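Colleague: Please find one structure pasted underneath; my questions will follow.
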Amino acid sequence: MDDFAKNLLTTRERLLNEISSLSDDEFNRTFETSRWSIAQICHHLWKTETLFGKAILNGLDQGTSSRTERKPIQVVSDMSTKYSAPKISEPGSGPFQVPRIIELLSDSRNKFLGVLDKIEDPSILKEITVYNPRFDELPLDQWIELLYLHEQRHIEQIKNLKALS
Numbered sequence: 001m002d003d004f005a006k007n008l009l010t011t012r013e014r015l016l017n018e019i020s021s022l023s024d025d026e027f028n029r030t031f032e033t034s035r036w037s038i039a040q041i042c043h044h045l046w047k048t049e050t051l052f053g054k055a056i057l058n059g060l061d062q063g064t065s066s067r068t069e070r071k072p073i074q075v076v077s078d079m080s081t082k083y084s085a086p087k088i089s090e091p092g093s094g095p096f097q098v099p100r101i102i103e104l105l106s107d108s109r110n111k112f113l114g115v116l117d118k119i120e121d122p123s124i125l126k127e128i129t130v131y132n133p134r135f136d137e138l139p140l141d142q143w144i145e146l147l148y149l150h151e152q153r154h155i156e157q158i159k160n161l162k163a164l165s
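Numbering-wise (full-length UniProt numbering), the sequence shown opens with residue 1 and increments by one.
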């Protein structure tokens, strides 16, 4: 669990470093109508983290173990492959304010870490699976790993958008 917490912490620090100094105009700027603004990316990350926490809680509440293969979740790091977000995790249209998004991200991270803190035996995370729209049945430990890999992917996207300014 310590590795998960460390990766979640360092990834979130990287995200906050990328967005905290942006003006609201820079934060909400779109460069193409079919692409999200940095603000929308962050709103999507907040929604995703909230949903991942609920998925893990749901899996823990069900408590049913099912053996499944490890999934190649590292593919989300490949920026050459484009993915469409599930409708439920699509961001709002905005505009968003940097401090409010930082507050939402802080709140969702605290709640997510609270879920992890309640887990007495971390080994169950490898045994319990929950359906994921991209990877089908996914072990709970991979849900946690996927959360920070997904966030890292979007940090790279944010860096690319900032470079366009």
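Ideal Cβ placement from N, Cα and C applies to all residues, glycine included. All values derive from a computational prediction rather than experimental measurement.
#1: Could you have a look at L138 and say whether DSSP puts it in helix, strand or coil?
#2: Considering only the beta carbon of each residue, do Q152 and P91 sit closer than 7 Å?
#3: Hey, out of L146, E127, K111, I128, whose CA is closest to R134's CA?
#4: Excluding the 5 residues flanking F112 on each side, which residues of the same chain have their C-beta closer than 6 Å to its C-beta?
#5: Along the beta strand (DSSP E) that carries V130, what are the first and last residues, could you check?
#6: Could you tell me whether the stretch 114 to 133 touches the stretch 60 to 73, where touching means 3 or more Cβ pairs closer than 8 Å?
#7: Going straight from the alpha carbon of K82 to that of Q157, what length do you get?
#8: Under 6 Å Cβ to Cβ from P86, same chain only, skipping five residues before and after it: list those, please.
#9: DSSP state of S108, grouped into three classes?
#10: Distance check for K71 and A55, CA to CA, integer angstroms please.
#11: For the alpha helix (DSSP H) containing F4, list its first residue and its last residue.
#12: Kindly identify the DSSP beta-bridge partner or partners of S65.
#13: Quick one: give me the first and last residue of the alpha helix (DSSP H) that F27 is part of.
Modeller: Taking the coordinates as given:
#1: One-based indexing of the sequence shown puts residue 138 at position 138. Three-state DSSP puts L138 in a strand.
#2: Counted from its first residue, the sequence shown places residue 152 at position 152. Counted from its first residue, the sequence shown places residue 91 at position 91. In this structure, P91 does not lie closer than 7 Å to Q152 by Cβ.
#3: Position 134 of the sequence shown holds residue 134. Ranking the options by Cα distance to R134, first place goes to L146.
#4: Your numbering for residue 112 matches position 112 in the sequence shown. Closer than 6 Å at Cβ, skipping near neighbours: E49, G53.
#5: As a position in the sequence shown, residue 130 is number 130, starting the count at 1. Here the beta strand (DSSP E) through V130 covers 129 to 132.
#6: yes
#7: Numbered from its first residue, the sequence shown carries residue 82 at position 82. Numbered from its first residue, the sequence shown carries residue 157 at position 157. Cα-Cα distance, rounded: 11 Å.
#8: Taking the first residue of the sequence shown as position 1, residue 86 is located at position 86. Result list for P86: P133, in chain order.
#9: Walking along the sequence shown from the start, residue 108 turns up at place 108. If DSSP states are grouped into helix, strand and coil, S108 belongs with the helices.
#10: In the sequence shown, counting from the first residue as 1, residue 55 sits at position 55. In the sequence shown, counting from the first residue as 1, residue 71 sits at position 71. C-alpha separation (whole angstroms): 17 Å.
#11: The residue labelled residue 4 in the question sits at position 4 within the sequence shown. Taken as a continuous stretch (DSSP letters only), the alpha helix (DSSP H) holding F4 covers 2 to 19.
#12: Taking the sequence shown and counting its residues from 1, one reaches residue 65 at position 65. Paired residues: I128.
#13: For the purposes of this step, residue 27 is taken as the residue at position 27 of the sequence shown. Its alpha helix (DSSP H) spans residues 24 to 28.
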